[in-house]
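In my numbering, the protein residues as written are 72 to 168.
Cβ coordinates follow ideal geometry from the N, Cα and C atoms, glycine included.
So, in structure tokens, the structure goes:
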């Protein structure tokens, strides 16, 4: 009986598509980023926390959080680490307009 359950579970999971990793997705279109988002992305990549970005740019914490949310969506990133990876891999280098 246990063997049957494993077989059923194996066949179910084998037929389901794998989630694509972040690196296998198409490169995001950086032309969608506004100048302030690019600036914040570069500060995040330098290791600044949200409050440090606030202090550096003299903007509110809510504005920083909004920009970070926009960056996550536009760059198809799941978290800050993926934003940094995008920046370090050259995706956020010179603007391509």
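Query raised in the report: So, is residue 132 buried or exposed, given that buried needs 16 or more other C-beta atoms within 10 angstroms?
Result: With fewer than 16 Cβ atoms within 10 Å of its Cβ, residue 132 is classed as exposed.
**Report entry** Three CB pairs or more closer than 8 angstroms across the segment 101-114 and the segment 135-154
**Finding:** Touching, per the Cβ criterion.
Query - Member of 125, 130, 117, 105 whose CA lies at the smallest distance from the CA of residue 152 - result: Measuring from the Cα of residue 152, the nearest candidate turns out to be 117.
Requested in this report: Within 10 angstroms of the Cβ of residue 103, are there 16 or more other Cβ atoms? Answer buried if so, exposed if not.
Outcome: When all chains shown are included, residue 103 counts as exposed.
**Report entry** Separation of residue 155 from residue 143, as counted between CA atoms
**Finding:** A straight line joining the alpha-carbon of residue 143 with that of residue 155 spans about 11 angstroms.
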